[in-house]
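The opening residue of the sequence shown carries number 381 in our numbering; numbering runs sequentially from there. The beta-carbon is built from N, C-alpha and C at its ideal position, and this holds for glycine as well. See structure below.
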Amino acid sequence: MRIQPVFPYFLRMKLNQQDAAMREALREGFKRHYLGLASLYLEWLRSQEAQEQQAGIFACKLEYENLYNALQLCLEQQETVDIFFCLFQYFLQINDIQSNLKLSEFVCQSQAAYPASLHTGRIGLEIVMAQDRLACCYLETQKYTQAKAAYQQVLELFQQLTGVEERQKQLGMATTYHQLGRVAQALREYEQARQYYHQALDIKIEFSDHYSQADTYHQLGIVAVELRQYEQARQYYHQALDIKIEFSNRYSQARTYHSQARTYHQLGNVAQKLREYEQAKLYYQQALDIFIEFRDRSSQASTYHQLGRVAQELREYEQARLYYQQALDIYIAFRDRYSQAITYHNVGLLAKAQENYAEARVNLQTALEIFLECQDDYWAGVTRENLAQLPD
Numbered sequence: 381m382r383i384q385p386v387f388p389y390f391l392r393m394k395l396n397q398q399d400a401a402m403r404e405a406l407r408e409g410f411k412r413h414y415l416g417l418a419s420l421y422l423e424w425l426r427s428q429e430a431q432e433q434q435a436g437i438f439a440c441k442l443e444y445e446n447l448y449n450a451l452q453l454c455l456e457q458q459e460t461v462d463i464f465f466c467l468f469q470y471f472l473q474i475n476d477i478q479s480n481l482k483l484s485e486f487v488c489q490s491q492a493a494y495p496a497s498l499h500t501g502r503i504g505l506e507i508v509m510a511q512d513r514l515a516c517c518y519l520e521t522q523k524y525t526q527a528k529a530a531y532q533q534v535l536e537l538f539q540q541l542t543g544v545e546e547r548q549k550q551l552g553m554a555t556t557y558h559q560l561g562r563v564a565q566a567l568r569e570y571e572q573a574r575q576y577y578h579q580a581l582d583i584k585i586e587f588s589d590h591y592s593q594a595d596t597y598h599q600l601g602i603v604a605v606e607l608r609q610y611e612q613a614r615q616y617y618h619q620a621l622d623i624k625i626e627f628s629n630r631y632s633q634a635r636t637y638h639s640q641a642r643t644y645h646q647l648g649n650v651a652q653k654l655r656e657y658e659q660a661k662l663y664y665q666q667a668l669d670i671f672i673e674f675r676d677r678s679s680q681a682s683t684y685h686q687l688g689r690v691a692q693e694l695r696e697y698e699q700a701r702l703y704y705q706q707a708l709d710i711y712i713a714f715r716d717r718y719s720q721a722i723t724y725h726n727v728g729l730l731a732k733a734q735e736n737y738a739e740a741r742v743n744l745q746t747a748l749e750i751f752l753e754c755q756d757d758y759w760a761g762v763t764r765e766n767l768a769q770l771p772d
């Protein structure tokens with residue numbers, strides 16, 4: 381059921397007839413009520429239970445306008461922005477990056493008006509955390525220059541922050557170095573990325589944050605793959621996997637178990653690079669089984685795509701076509717245009733290998749159009765070259 385717009389309008393008109401003290405008391409009660417609900421919804425969204433996660437998504441969708449209005453009150457009064465972190469997690473869960481970017485920009489712009497006296501303790505930490513979320517959105521939307529600047533700002537804010545224990549500050553900085561490594565990695569500045577990751581790792585080791593070391597080892601593995609240092613990459617991935625398995629066994633953490641899938645996927649990638657196709661298939665299948673268990677359709681897509689590539693290398697063409705179509709269906713559902721282009725490109729090469737040149741041309745042309753739309757000159761050039769090689 382949906383509330384008709386005339387009803388809240390009627391209620392606002394009635395509210396305006398009350399005296400100022402009553403209106404202020406109602407605003408305060410409204411704000412506190414939704415601060416409490418946001419805390420509950422965030423707990424559900426972060427739950428290891430799929431049903432609780434879905435309940436959190438449903439509640440945030442239903443209550444979005446109320447939560448957002450309460451957040452505005454918090455910002456006007458220069459108070460906690462706990463509601464922001466709830467809404468950020470909600471958009472993260474439903475894969476709505478653009479809404480998260482818009483929300484993060486709004487919160488950071490509002491917090492910029494906070495006086496210097498508030499840049500301490502819990503409120504100061506929330507300002508840093510909001511800036512971190514904004515930087516993350518820039519990274520996810522491939523706005524790398526803004527992401528780098530935003531993460532550098534996070535580092536500065538951490539260094540100026542007072543009223544927070546040193547361990548928390550240092551581990552926050554470690555996370556920021558890790559994210560700067562991801563930005564450098566996206567810009568193909570691999571040596572710079574490796575330097576940032578080691579800065580993050582040094583802090584995590586110093587402060588005994590064993591669990592989060594796994595993520596940094598994982599990223600170091602990705603960098604090693606890009607530098608074609610495959611044995612080094614495999615070593616990093618196994619270090620990451622060992623930690624994830626240790627924590628999953630100790631605490632039965634669903635999030636840790638899910639994270640293992642990403643490392644299995646990357647181990648599959650290394651095996652694929654080394655042409656160990658049967659081993660690659662095994663790792664990818666382990667990853668896929670976990671992604672399916674957790675209903676992570678977005679991650680399933682990339683694993684289906686890679687299984688398609690392995691099948692193609694093994695000349696299992698019909699199996700490859702099936703995997704590519706499964707990947708493509710998900711990318712289309714999530715409106716991931718760039719990933720669609722990569723898969724269309726591979727479907728085109730598959731059709732070319734089967735001498736189905738008309739199908740190859742259609743898929744490669746589709747890939748080329750999207751690469752041009754995404755301003756990826758490198759892959760556009762590769763696709764043009766493959767198109768030129770097709771018989772007339």
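- CA-to-CA, the gap between residue 423 and residue 441 works out to about 15 Å.
- In this model, residue 748 and residue 768 are separated by some 12 Å (Cα to Cα).
- Beta bridge pairing from DSSP links residue 542 with 500.
- For residue 740, same chain residues with a beta-carbon under 7 Å away, outside a window of 5 residues either side, are 728, 731, 732, 770 in chain order.
- The continuous alpha helix (DSSP H) containing residue 418 extends over residues 400-425.
- Inclusion of residue 763 and residue 744 in the CB contact set at 8 Å is warranted, their separation being smaller than that value.
- Counting the other CB atoms within 10 Å of its CB gives residue 475 a total below 16, which places it among the exposed residues.
- Within the same chain, 744 come within 6 Å of residue 766 by CB-CB distance, once the 5 residues on both sides are set aside.
- In this chain, the alpha helix (DSSP H) harbouring residue 752 covers 737-753.
- Within the same chain, and ignoring the five residues on either side of residue 619 in sequence, the residues whose Cβ sits closer than 7 Å to its Cβ are 597.
- A residue is called buried when at least 16 other Cβ atoms come within 10 angstroms of its Cβ; residue 639 meets this threshold and is buried.
- 8 Å or more divides the Cβ of residue 425 from the Cβ of residue 431.
- Setting aside the 5 residues that flank it on each side, residue 718 is surrounded in the same chain by 754, each with a C-beta closer than 6 Å to its C-beta; the list follows chain order.
- With fewer than 16 other beta carbons inside 10 angstroms of its own, residue 386 counts as exposed.
- Straight-line measurement puts the Cα of residue 509 at about 10 Å from the Cα of residue 488.
- Per DSSP, reduced to three states, the secondary structure at residue 523 is coil, with no helix or strand assignment.
- If you draw a straight line from the Cα of residue 759 to the Cα of residue 696, it comes to about 25 Å.
- Ranking 617, 658, 683 by CA distance to the CA of residue 668 puts 683 first.
- Per DSSP, the continuous alpha helix (DSSP H) segment holding residue 388 begins and ends at 386-396.
- For residue 766, the enclosing alpha helix (DSSP H) starts and ends at 757-768.
- Within the same chain, Cβ atoms closer than 6 Å to the Cβ of residue 580 are found at 554, 557, 558, 596, the five residues on either side in sequence being excluded.
- Inside the region 668-740, DSSP marks whole alpha helix (DSSP H) runs of 4 or more residues at positions 677-693, 697-713, 717-733, from first to last along the chain.
- Excluding the 5 residues flanking it on each side, residue 589 has same chain C-beta neighbours closer than 6 Å at 551, in chain order.
- Closest in C-alpha terms to residue 623, from the list 543, 599, 611, 593, comes 593.
- When secondary structure is reduced to three states using DSSP, residue 556 falls in the helix class.
- Between the alpha carbons of residue 585 and residue 547 lies a gap of roughly 12 Å.
- It is roughly 13 Å from the alpha-carbon of residue 458 to the alpha-carbon of residue 408.
- Here the C-alpha atom of residue 486 lies approximately 17 Å from the C-alpha atom of residue 472.
- Cβ-Cβ separation between residue 515 and residue 531: approximately 5 Å, consistent with a contact (criterion under 8 Å).
- Distance from the CA atom of residue 612 to the CA atom of residue 574, rounded to whole angstroms, is 13 Å.
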